[in-house]
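In order, the protein sequences belong to chains Y and F. With numbering that gives the first Met the number 0 applied, the first sequence closes on residue 418, and no number is skipped along the way. With numbering that gives the first Met the number 0 applied, the second sequence closes on residue 227, and no number is skipped along the way.
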Amino acid sequence: MKTGLIPDIAYALMTARLRQTLVAAAGVTFSITMFVALLGFMNGLNTLLDDLILNRSPHVRLYNDIKPSPVQPISMATAYKDDYHFISSVKPGAVRKELYNSGAILSALKADTRVAGVSPKVTAQVFYNIGPIDMTGVINGIDVENEQRLFFFANYVTSGRASDLEDVSNSVILGKGAADKMLANIGDIIQVTSITGDPLSLKVVGIFQSGIAELDKVQSYASIRTTQKILGKTNNYLTELQIKLHDMSTAPSVAKEYADLFRCDSEDIQTANAQFETGSSVRSLISYAVGITLLIVSGFGIYNILNMMIYEKMDTIAILKATGFSGSDVKLIFLVIALSIGFFGGLAGLIFGYILSLIIDNIPFVTAALPTIHTYPIDYNLKYYIIAAIFSLVTTYLAGYFPARKASKTDPVNIIRGK
Amino acid sequence: MDSNIVLKAQAIEKYFTDPEPFKVLDNVSFEILKGEFTSIVGKSGCGKSTLLYILSTMDTDYSGQLWIGGEDMKIKSEKELAAVRNEHIGFVFQFHYLLNEFSVLKNVILPGLKLQKLSPKDLEEKAMLHLKQLGIDSLAPKMAYKLSGGEKQRVAIARALINDPLIIMGDEPTGNLDHKNSEIVFDIFEQLSKEYGQSLLIVTHDDEFAARTGKTIIMEDGRIVQKN
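Here it is, written out as structure tokens:
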């Protein structure tokens, strides 16, 4: 019974000043709407931009880098063991770009439970022969099936079929920029020459667009076998292993471990793409800051309106106190008012925020750089809705707490005698 | 303590410190017995209202002793005092009558809802009974702010009665009413006292009103100068 009495009085006070109450609630609704929509939109963009790079990047790359030997002959000489060695003009030796013993590494990786998948790769430097012009380019020999599973390869093949790389012999998927320069279309035959000078004719089976125009001017894709043929190598020649892990955060330690174990070079995604993570977190931070500012502003609105309501309702407070309502009852009444405004305003805000997100999600967003995107991206993560809901209750509680405390401390004698 | 004593005040003193120290109440002691209709009279500023607010437990800044229904009020917390006001004291003010946000009926039963001794349904029946007794049962569903001054005061009396209080206190309850309405209110008080044995303590500056009550306490400069 008593639990119903306090909300009952709170409700009566709110409906008596319906317009003020609605204005306060509208403030909360607006800020929650903007908070949810803004964060959804910001993080949608973040995810999109991150995916542009991160989705297609292996978590760990194993390869052989061109670099000088870390152990120079002089340091092996026992005679100068205790001396400091000054060596100038160190040059890298003749390293093979091939991964040694790639077959054994592959089977070791497949047995490792941390590894989600491995996609082998052969990179070949080539010249695209366009009439009299030779244009430099890179042909990546890939395992189409693995590349699709781990790096969503087909998403970026804007025309043609990715699987044709395996099905059609001597086939190639050209980067959009390269294809435009060569005026090549699907079905055309192009000429490439490897750096060792061996020419080969390739059939174009698709066009590839990564979203990074610079990359599309040089990169093309072929099957591993075709690439090995361009290079004139045997079918165990692999230059790179791309590894996806189950837990991306372990990449740095795993990369180091593999480098030691397989005696090759490794690179983890965090090192390779540090700038993207920084960008994402800064963007999130800004959107949180804006959203929270909106909520705090609406909190001040509620504070003002409750303060005004308490001044107007001094008589009511005095009568309630005189007839046996304690200070804490009075405080509770005003807190219930504040929290109701927060709850219902916030709830409406979540709904409107979702609707606004849906609207943004349907606004056309066509850009040559992002072939797979047609509308603005939105992240519908439940997290933002929960944060917004909690925040709306917390700010309204704080905004209501101080006026409510003032109301609870109001001395009824002063009011009753004051007239 | 004698169970017939509803309210006992002993050596109550109070100072105002603002603008300068000033003794408003000086050694005020008296008792109210069950069923007594007592009035406190005195000139403006003699401290009679101040005394009433101390007796009503709303003002706790005083020295001396106060018992209501045999319980010592000095040792109670703010919450406990609120409960005492709720259960044992019925209030009728000069100006601040009712909660405008509620209907007349709701105004009357609100202290009862807070007390939770009766179900809302029983409270409504009881409230209607009181309203009928006061001749205003037809006003029950109306919103409080639509009533006239005299009607409001009668509703306030019904509200004061809802929890069967030990004592009804009034601060100039007729001070803002015309002669006819004053008469009605006085008659109600008299009837409550005589027929139902209700104790009443009414502060007034209306000597005519005071002369008709069972007992009159006359105050001057914070002191009781005469009890009869």
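Beta carbons are placed, not taken as given, at the ideal position from N, Cα and C, and that holds for glycine.
Chain-ordered chain F contacts of residue i [CB-CB under 9 Å]
{"i": "residue 326 of chain Y", "result": "77, 78, 81"}
{"i": "residue 320 of chain Y", "result": "57, 81, 84"}
{"i": "residue 11 of chain Y", "result": "98, 100, 101, 105"}
Residue i: contacting residues in chain Y (beta-carbon distance under 9 Å)
{"i": "residue 207 of chain F", "result": "Result: empty, since nearest Cβ-Cβ is about 24 Å, beyond 9 Å."}
{"i": "residue 29 of chain F", "result": "Under the 9 Å cutoff, chain Y gives no residues; its nearest Cβ is about 20 Å from residue 29 of chain F."}
{"i": "residue 52 of chain F", "result": "411, 412, 415, 416"}
{"i": "residue 199 of chain F", "result": "Going along chain Y, no residue has its Cβ under 9 Å from residue 199 of chain F, so there is no contact; the nearest lies around 16 Å."}
Identity of the residue in the options nearest residue i by Cα
{"i": "residue 380 of chain Y", "options": "Y/29, Y/352, Y/241, Y/395", "result": "Y/352"}
{"i": "residue 33 of chain F", "options": "F/195, F/5, F/118", "result": "F/5"}
{"i": "residue 167 of chain F", "options": "F/78, F/40, F/54", "result": "F/54"}
{"i": "residue 108 of chain Y", "options": "Y/245, Y/326, Y/132, Y/36", "result": "Y/245"}
{"i": "residue 187 of chain F", "options": "F/86, F/155, F/26", "result": "F/155"}
{"i": "residue 175 of chain F", "options": "F/223, F/96, F/189, F/214", "result": "F/96"}
{"i": "residue 106 of chain F", "options": "F/15, F/75, F/118, F/122", "result": "F/122"}
{"i": "residue 198 of chain Y", "options": "Y/228, Y/222, Y/224", "result": "Y/228"}
{"i": "residue 239 of chain Y", "options": "Y/409, Y/117, Y/186, Y/26", "result": "Y/117"}
{"i": "residue 146 of chain F", "options": "F/117, F/99, F/42", "result": "F/99"}
{"i": "residue 184 of chain Y", "options": "Y/193, Y/157, Y/34", "result": "Y/157"}
{"i": "residue 12 of chain F", "options": "F/113, F/18, F/23", "result": "F/23"}
{"i": "residue 197 of chain F", "options": "F/27, F/88, F/223, F/118", "result": "F/88"}
{"i": "residue 88 of chain Y", "options": "Y/68, Y/99, Y/106, Y/100", "result": "Y/68"}
{"i": "residue 162 of chain F", "options": "F/117, F/184, F/192", "result": "F/117"}
Contact set for residue i: own chain, Cβ-Cβ below 8 Å, skip 5 residues either direction
{"i": "residue 1 of chain Y", "result": "Low confidence applies here, because residue 1 of chain Y scores a pLDDT of 48, under 50, leaving its location unreliable; read the following figure in that light. So the list is empty, once near-sequence residues are dropped."}
{"i": "residue 188 of chain Y", "result": "200, 201, 202, 203"}
{"i": "residue 14 of chain F", "result": "20, 21, 22, 23"}
{"i": "residue 71 of chain Y", "result": "84, 86, 89"}
{"i": "residue 61 of chain F", "result": "11, 12, 13, 24, 53"}
Under the three-state DSSP convention, the category residue i falls into
{"i": "residue 274 of chain Y", "result": "helix"}
{"i": "residue 218 of chain Y", "result": "strand"}
{"i": "residue 231 of chain Y", "result": "coil"}
{"i": "residue 33 of chain Y", "result": "helix"}
{"i": "residue 330 of chain Y", "result": "helix"}
{"i": "residue 130 of chain Y", "result": "coil"}
{"i": "residue 42 of chain Y", "result": "helix"}
{"i": "residue 67 of chain Y", "result": "coil"}
{"i": "residue 407 of chain Y", "result": "helix"}
{"i": "residue 26 of chain Y", "result": "helix"}
{"i": "residue 3 of chain F", "result": "coil"}
{"i": "residue 85 of chain Y", "result": "coil"}
{"i": "residue 1 of chain Y", "result": "Residue confidence is low: residue 1 of chain Y scores 48 on pLDDT, short of 50, so the model does not pin down where it sits. No coordinate-derived value is stated."}
{"i": "residue 59 of chain Y", "result": "strand"}
{"i": "residue 182 of chain Y", "result": "coil"}
{"i": "residue 94 of chain Y", "result": "coil"}
{"i": "residue 219 of chain F", "result": "strand"}
{"i": "residue 17 of chain Y", "result": "helix"}
{"i": "residue 161 of chain Y", "result": "coil"}
{"i": "residue 71 of chain F", "result": "strand"}
{"i": "residue 253 of chain Y", "result": "helix"}
{"i": "residue 261 of chain Y", "result": "helix"}
{"i": "residue 18 of chain F", "result": "coil"}
{"i": "residue 144 of chain Y", "result": "helix"}
{"i": "residue 352 of chain Y", "result": "helix"}
{"i": "residue 209 of chain Y", "result": "coil"}
{"i": "residue 418 of chain Y", "result": "Residue placement at residue 418 of chain Y cannot be trusted, given a pLDDT of 48 that sits under 50; the coordinates are not used to answer."}
Within chain F, the residues that residue i reaches when beta carbons sit closer than 8 Å
{"i": "residue 315 of chain Y", "result": "98, 99, 100"}
{"i": "residue 15 of chain Y", "result": "99, 100"}
Same chain only: Cβ atoms within 7 Å of residue i, ignoring 5 sequence neighbours per side
{"i": "residue 388 of chain Y", "result": "345, 349"}
{"i": "residue 150 of chain F", "result": "135, 138"}
{"i": "residue 418 of chain Y", "result": "Only weak support exists for where residue 418 of chain Y lies, its pLDDT of 48 falling under 50; the value from the coordinates is given anyway. Excluding residues within five positions, none has a Cβ falling inside 7 Å."}
{"i": "residue 342 of chain Y", "result": "392"}
{"i": "residue 282 of chain Y", "result": "41, 45"}
{"i": "residue 376 of chain Y", "result": "43, 44, 46, 47"}
{"i": "residue 170 of chain F", "result": "48, 51, 92, 93, 202"}
Contacts that residue i makes with chain Y (C-beta to C-beta distance below 8 Å)
{"i": "residue 48 of chain F", "result": "416"}
6 Å Cβ shell around residue i - same chain, five flanking residues per side excluded
{"i": "residue 152 of chain Y", "result": "146, 161"}
{"i": "residue 302 of chain Y", "result": "398"}
{"i": "residue 55 of chain Y", "result": "150"}
Closer than 7 Å at the beta carbon, the chain Y residues around residue i
{"i": "residue 90 of chain F", "result": "321, 322"}
{"i": "residue 109 of chain F", "result": "322"}
Partner residues on chain F for residue i, Cβ-Cβ distance less than 7 Å
{"i": "residue 4 of chain Y", "result": "112, 113"}
What ranges does the beta strand (DSSP E) occupy inside the region 87-175 of chain F, keeping only unbroken runs of at least 3 residues that lie completely in it?
The region 87-175 of chain F contains these whole beta strand (DSSP E) runs: 88-91, 166-170.
Report the residue ranges of all alpha helix (DSSP H) runs contained in full by the region 300-350 of chain Y; include only those spanning at least 4 residues, in chain order.
Counting only runs of 4 or more, we get 313-321.
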